[in-house]
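Engineer: I am attaching a structure below and will ask some questions about it afterwards.
In my numbering, the protein residues as written are 51 to 144.
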């Protein structure tokens with residue numbers, strides 16, 4: 051978690067992608083006064099998740115650079131992906 055309180059600027063920075071920043075700014079600028087806190091809170095949560103995902107990606111990249119398996123628990127869904135692909139192919143999808 052962040053040690054500093056969230057601001058409009060820090061949320062924009064955390065979102066990263068220009069389209070997300072613009073969506074946030076559009077929503078925060080157009081929100082009625084009684085909805086501002088809800089809109090801000092929604093985007094604050096998105097910014098927190100974005101920062102967490104970025105940190106997680108860095109941890110995975112660092113582990114791979116060291117030749118290690120990525121940290122955390124990973125579910126092997128290979129078989130279910132193959133089964134789903136077979137099901138789709140059997141219906142004639144390209």
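Built from N, CA and C at the ideal position, the CB exists for glycine as well.
Evaluate contact between the region 118-132 and the region 92-100, counting only Cβ atoms and requiring at least three cross-stretch pairs below 8 Å.
Structural biologist: The answer is no - the region 92-100 does not touch the region 118-132, with fewer than three Cβ pairs under 8 Å.
Engineer: Under 8 Å: do the region 97-109 and the region 59-71 share three or more Cβ pairs, one atom per stretch?
Structural biologist: yes
Engineer: May I have a chain-ordered list of the beta strand (DSSP E) segments no shorter than 3 residues that lie completely inside the region 71-142?
Structural biologist: none
Engineer: When burial is assigned at 16 or more other CB atoms within 10 Å of the CB, is residue 61 buried or exposed?
Structural biologist: If you number the chain shown from 1, residue 61 lands on position 11. So residue 61 ends up on the buried side.
Engineer: Which of the three DSSP states, helix, strand or coil, is assigned to residue 59?
Structural biologist: Here residue 59 refers to the residue found at position 9 when the chain shown is read from its first residue. Here residue 59 sits in helix by DSSP.
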